[in-house]
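Structure first, then comments.
Number of protein chains: 2
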Amino acid sequence: MIVRQAAHVLELLEYFASRRRPATLSEVAQDLGWPRSSTFNLLGTLAERGYLYEPRAREGYYPTPRLLHLAREISEAEPLPEAVTTLLRDLVEETGETAGIAAASGTEAVFIEVCESPRPIRYFARVGLRMPIHNTSCGRAILSQMGATERASVLRKVPFERFGPATPMSVSEVEAEIRRSVERGWFQNLAEFSQDLCGVSLPLPLGGRQLALVVAGPLNRMQERIPALAARMRRGLDHALAA
Amino acid sequence: MIVRQAAHVLELLEYFASRRRPATLSEVAQDLGWPRSSTFNLLGTLAERGYLYEPRAREGYYPTPRLLHLAREISEAEPLPEAVTTLLRDLVEETGETAGIAAASGTEAVFIEVCESPRPIRYFARVGLRMPIHNTSCGRAILSQMGATERASVLRKVPFERFGPATPMSVSEVEAEIRRSVERGWFQNLAEFSQDLCGVSLPLPLGGRQLALVVAGPLNRMQERIPALAARMRRGLDHALAA
DNA sequence: CCGCCTTGTTCATGGGTGTGGACAAAGAAA
DNA sequence: TTTCTTTGTCCACACCCATGAACAAGGCGG
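In the order they appear, the protein sequences are chains A and B. With the working numbering, the residue at position 98 of the first sequence is 87, and numbering never jumps. With the working numbering, the residue at position 76 of the second sequence is 65, and numbering never jumps.
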């Protein structure tokens, strides 16, 4: 069950992030399609907790830097090493494709860091973007790091659904693909999840965390480069982990 | 009316900020005193939106850096100039007391930047801390920048409540004190809000924003230094605004 | 100044949601 | 293995809160 008002808080914060200036009650209500009275209550709640203020009288609310402080404290506790983020930048520069770091979240994988390709046609990803864990290269790279029972308990909950002809449709197909990938030395995904989308991933164990390094782009640009790409990622990863 | 689940989101994020490591459903439920089922729904909602992930299988959830990205986008849109934050640091160093920047939020003033005194006995403030707008020095420094009608509409909603012998108990008392302060050249508060607490403030108009610079500390350390303090703040402010 | 329109605030109520409890799954102990 | 405890998941229902509607307060144009 999804908690509506919790989602609304996130929606409101995202609204301010894209708007980048204060908003009055009516503006928020209109833009987000909420009743004015509900908006009133929600803004009041966030303001009371010190998360909203009024930069100018009568010009509406805007988030205080309190959120930033909170987020900093949270992120500084489990940071990604500098070497990993520079690796992402290097990979994007050399390959021209989008690179990222993903982790598990229920039956999905979620990006916790992304460096986007500069090309007009590219894999468009952002931190927080989620994708199925069983039919993406980075998802399986994460799964490969779990123990058999843990992986089983995740896969049991997966809602197998067909996205394309190559989509695996059962636990055993996923397990088989993971085995093949381990032998091969890298994880890959050829349009299993989204038409035209191709990903190459490597497991990235980091301070006990089960992460994955992934480079993804359009199938036609990626397909014949996969082995070379995987080799380059492996070198970069070994170098970064050694640091 | 306070929106419970919205407040719970903030509580949860603050929980992670102080805990600084992943938490399982049961731990969250126990530590925050929520029913397990409600906790389940809330965590699920945040996870679905890409704000939570599982660093290690079976070791619980932790916020993704998505929140940090969001907060950065929000704060970069209305930043405080470098000169202001260095002014705060300078003031703390020279005076030994806590310095901060405050803004309006309904009938309260809220800190949007704080630099704390290093002394063991000090005014303890954090970004997001709120205080009544009518009986604090910084609150009145903010009010002084508003037009008469705007100020009136704020003051009409103030719940006048006695915190101490000096607390102003009516709109006209507040207006009178603001007038006195403008003539005097600075705003001050001698234990009106909290026993033993003394604040000195100056209005800080910044890009149209109605802010206030405040230095606060224990009454006995502050009282006879007030004029000197105010003069020092004025100099620093003029210098910072010129930059 | 007076209407008119927009914005902000309050409140009673019924539809949606938080929660207790039942169940399932996974460790822990034996 | 089996049993016991802990943790995670599901669900129906009572209750509470989100909301529509009414009201108050500004703002604006005439």
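Cβ atoms here follow ideal geometry from the backbone N, Cα and C, with glycine treated the same way.
Measure the beta-carbon distance from Ser133(A) to Val171(A) and round it to whole angstroms, keeping in mind my assumption that it falls under 8 Å. 6 Å
When you compare the stretch 110 to 125 of chain B with the stretch 203 to 219 of chain B, are there three or more beta-carbon pairs, one atom per stretch, that lie closer than 8 Å? yes
Alpha carbon to alpha carbon, what distance is there between Met222(A) and Asp20(A)? 43 Å
Does Phe182(A) have its Cβ less than 8 Å from a Cβ in chain B? no
Since Glu283(B) and Ala93(A) should fall inside the 8 Å C-beta cutoff, what is the C-beta to C-beta distance between them, to a whole number of angstroms? Since the displayed chain B opens at -10 and closes at 232, residue 283(B) lies outside it and no answer follows.
Which parts of the stretch 31 to 110 of chain A are runs of the alpha helix (DSSP H), unbroken and 4 residues or longer, counting only runs that do not cross its ends? 55 to 66 and 71 to 84
Residues, ordered as in the chain, of the stretch 151 to 162 of chain B that lie near chain A by beta-carbon distance below 8 Å: none
Using a Cβ-Cβ cut-off of less than 7 Å, list which residues of the stretch 78 to 100 of chain A approach chain B; keep chain order. Ala92, Ala93, Ser94, Gly95 and Val99
For Arg229(B) and Gly49(A), I'd like the C-alpha separation in whole angstroms. Note on residue identity: the sequence assigns Ala, not Arg, to residue 229(B). One C-alpha to the other measures close to 27 Å.
Taking Gly22(A) as part of the beta strand (DSSP E), name the residues at either end of that continuous run. Element bounds for Gly22(A): n/a, residue is neither H nor E.
Assuming contact is defined by CB atoms lying nearer than 8 Å, are Gly39(A) and Thr53(A) in contact in what I supplied? yes
Just reading off the alpha helix (DSSP H) that Ala217(A) is part of, what are its end residues? That run of the alpha helix (DSSP H) goes Ile215 to Ala231.
As a quick exercise: from Arg47(B), Leu41(B), Ala36(B) and Met(-10)(B), pick the residue whose alpha carbon is nearest that of Leu31(A). Met(-10)(B)
Thr84(A): buried (16+ other C-beta within 10 angstroms of its C-beta) or exposed? Taking a 10 Å sphere around the C-beta of Thr84(A), we find 16 or more other C-beta atoms and assign the residue as buried.
Nearest to Gly225(A) by CA position, among Thr74(A), Ala66(A) and Ala46(A), is which residue? Thr74(A)
Answer with buried or exposed for Pro194(A), where buried requires no fewer than 16 other C-beta atoms within 10 angstroms of its C-beta. exposed
Using beta-carbon positions only, say whether Ala165(A) and Gly128(A) come within less than 8 Å of one another. At the C-beta level, Ala165(A) and Gly128(A) stay beyond 8 Å of one another.
List, in order along the chain, the chain A residues whose C-beta lies closer than 7 Å to that of Ala66(B)? Arg9 and Arg10
If you reduce the DSSP assignment to three classes, tell me which class Gln234(B) lands in. Examination of residue 234(B) is not possible in this model, given that chain B is present from -10 through 232 alone.
Chain B beta carbons: is any one of them nearer than 8 Å to that of Phe149(A)? no
Can you pull the chain A neighbours of Met211(B), defined as C-beta to C-beta under 7 Å? The premise fails here: Met211(B) is roughly 24 Å from chain A at the closest Cβ pair, so nothing lies under 7 Å.
Measuring only the C-alpha atoms, how far is Ala155(A) from Glu181(A)? 5 Å
On the DSSP bridge list, what partners appear for Met120(B)? Ala98(B)
Could you tell me whether any Cβ in chain B is nearer than 8 Å to the Cβ of Tyr112(A)? no
Using the beta-carbon of each residue, which ones in chain A are nearer than 9 Å to Glu37(B)? Ile(-9), Ala(-4), Ser94, Gly95, Glu97 and Arg119
Could you pull out every unbroken alpha helix (DSSP H) segment of at least 4 residues lying fully inside the stretch 154 to 200 of chain B, listed in chain order? 160 to 173
For Pro207(A), write down the residues that DSSP places opposite it in a beta bridge. Leu186(A), per the DSSP bridge assignment.
In its own chain, which residues sit with a C-beta less than 8 Å from the C-beta of Tyr4(A), not counting the 5 before and 5 after it? Ala12, Val17, Asp20 and Leu21
Quick one: measure Cβ to Cβ for Ala60(A) and Leu200(A), integer angstroms, because I've assumed they're closer than 8 Å. 20 Å between Cβ atoms; not a contact.
Tell me which same chain residues have a C-beta within less than 8 Å of the C-beta of Val160(B), skipping the five on either side of it? Ala141, Leu144, Arg145 and Val147
Please report how far the alpha carbon of Ala(-5)(B) lies from the alpha carbon of Gln(-6)(A), in whole angstroms. Near 6 Å, if we compare the C-alpha coordinates of Gln(-6)(A) and Ala(-5)(B).
For Ala114(A), name the three-state secondary structure that DSSP assigns. coil
Arg78(B) to Arg168(A) span [Cα, whole Å]: The alpha-carbon separation between Arg78(B) and Arg168(A) amounts to approximately 57 Å.
Can you tell me where the alpha helix (DSSP H) with Gln(-6)(B) in it begins and where it stops? Boundaries of the alpha helix (DSSP H) around Gln(-6)(B): Arg(-7) to Arg8.
Flag Leu218(B) as yes if its beta-carbon sits less than 8 Å from any beta-carbon of chain A, otherwise no. no
Excluding the 5 residues flanking Arg115(B) on each side, which residues of the same chain have their C-beta closer than 8 Å to its C-beta? Phe100 and Val103
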